[in-house]
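Asks: So for the sequence shown, UniProt numbering puts the first residue at 1; every next one is plus one.
All residues carry an ideal CB built from backbone N, CA and C; glycine is no exception.
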Amino acid sequence: MLSMPQQFLRIIYSPGVQPDKWFTRFDERIPNWKVASAQVDDPLKYIRAGAADVAIVRLAGGDLGGVGGKESDLHEVRLYEEQLGVAAPKDHPLKVMESATFAEIEDEIINAAPDAAGNVDLSAVREGLQVVAANVGVVIAPRPLLRAVNQSGVVHRDLFDAHGVGGSRVALVWRKDRDTDEVQDFVGICKGRKAGSTRQSGSSARK
1 MLSMPQQFLR
11 IIYSPGVQPD
21 KWFTRFDERI
31 PNWKVASAQV
41 DDPLKYIRAG
51 AADVAIVRLA
61 GGDLGGVGGK
71 ESDLHEVRLY
81 EEQLGVAAPK
91 DHPLKVMESA
101 TFAEIEDEII
111 NAAPDAAGNV
121 DLSAVREGLQ
131 VVAANVGVVI
141 APRPLLRAVN
151 QSGVVHRDLF
161 DAHGVGGSRV
171 ALVWRKDRDT
181 DEVQDFVGIC
191 KGRKAGSTRQ
201 SGSSARK
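(1) Could you tell me which uninterrupted alpha helix (DSSP H) segments, each at least 4 residues in length, are contained entirely in the UniProt domain "LysR substrate-binding" (22-108), listed from first to last along the chain?
(2) Looking only at its own chain, which residues have a Cβ that is under 8 Å from the Cβ of S152, when we skip the five neighbours before and after it?
(3) Below 8 Å, can you find three or more Cβ-Cβ pairs linking the stretch 28-41 to the stretch 153-173?
(4) Looking at the structure shown, is D158 part of a helix, part of a strand, or coil, going by DSSP?
(5) With respect to the alpha helix (DSSP H) encompassing P114, which residues constitute its N-terminal and C-terminal limits?
(6) If I measure Cβ to Cβ from A52 and keep anything under 6 Å in the same chain, skipping five residues before and after, which residues do I get?
(7) A36: buried (16+ other C-beta within 10 angstroms of its C-beta) or exposed?
(8) Go ahead and pull the three-state DSSP assignment for A141.
(9) Keeping to the same chain, check which residues put their C-beta closer than 6 Å to that of F26; ignore five residues upstream and five downstream.
(10) To the nearest angstrom, report how far apart E81 and N135 are at their CA atoms.
(11) Three-state secondary structure (DSSP) at V120?
(12) With distance defined between alpha-carbon atoms, name the residue in D107, V86 and D41 nearest to Y159.
(13) For a quick check, are the C-beta atoms of A60 and N119 less than 8 Å apart?
(14) Give the secondary structure of D193 by DSSP, where H, G and I count as helix, E and B as strand, and everything else as coil.
(15) Mark H163 as exposed unless 16 or more other C-beta atoms lie within 10 angstroms of its C-beta, in which case mark it buried.
(16) According to DSSP, is A133 part of a helix, a strand, or is it coil?
(17) Comparing C-alpha positions only, which one of R48, G50, Q18 and W22 sits nearest to Q39?
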């Protein structure tokens, strides 16, 4: 029996997202398919342009309308809510704390923070961390993002009770007109579908 040529599911993801386990499971379970992935600052742009099949994207706490109007041409599957964090200079009292509340940092200069809806300005976070590394102020952002773009000389911890700062979530987003079996296979893997399920059994039948 002739083997089918290798095909690729193009996936892009936001900084701070850690999708490697999902990529590995897809590669192992779906015959003749592999993930081709890249981290980008604006995954939705690539989805809208048709340059990627699936995005794993950080979104504000509301729906897709919170990042640019109603997107009726897109599917969205929520994966998880993100923990908010705060970054401070390495010698800040935060260094010896397991977490912080907003009351404990409210007198600090806040160099960057999500808005009330939870929208995150990635450029502002990066620039703000450079200022923090120079021993000035703090940055508030999703904790996974702080881990991903952290600067030398900066510590970060979970932040609770942040007044006026919205939360964020991570979601899968893809175009409705590109809703393929392989996309659904990947969605199922991200949602915890086990190997040998009906959907992935269908993929096996396409060998």
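Replies: Walking through what the data contain:
(1) As far as the UniProt domain "LysR substrate-binding" (22-108) is concerned, its whole alpha helix (DSSP H) runs of at least 4 residues are 43-48.
(2) For S152, where only same-chain residues beyond five positions count, the Cβ hits under 8 Å are A133.
(3) Remark: fewer than three beta-carbon pairs, one from each stretch, lie closer than 8 Å, so the stretch 28-41 and the stretch 153-173 are not flagged as touching.
(4) In the structure shown, D158 falls within a strand segment according to DSSP collapsed to helix, strand and coil.
(5) From DSSP, P114 is part of no alpha helix (DSSP H); its letter is neither H nor E.
(6) Same-chain partners within the cutoff: R10, I12 and Y46.
(7) A36 counts as exposed, since fewer than 16 other beta carbons sit within 10 angstroms of its beta carbon.
(8) In the three-state scheme derived from DSSP, where H, G and I count as helix and E and B as strand, A141 is classed as strand.
(9) Answer for F26: V35, F186 and I189, listed in chain order.
(10) Computed Cα separation, rounded: 30 Å.
(11) Here V120 sits in coil by DSSP.
(12) Residue identity differs from the one stated: residue 159 is Leu in this sequence, not Tyr. Nearest C-alpha to L159: V86.
(13) Contact: yes.
(14) A quick correction: the sequence has Arg, not Asp, at residue 193. Note: R193 maps to coil in three-state DSSP.
(15) H163 comes out exposed.
(16) Helix, per DSSP.
(17) Comparing Cα-Cα distances from Q39 to each of R48, G50, Q18 and W22, the minimum goes to Q18.
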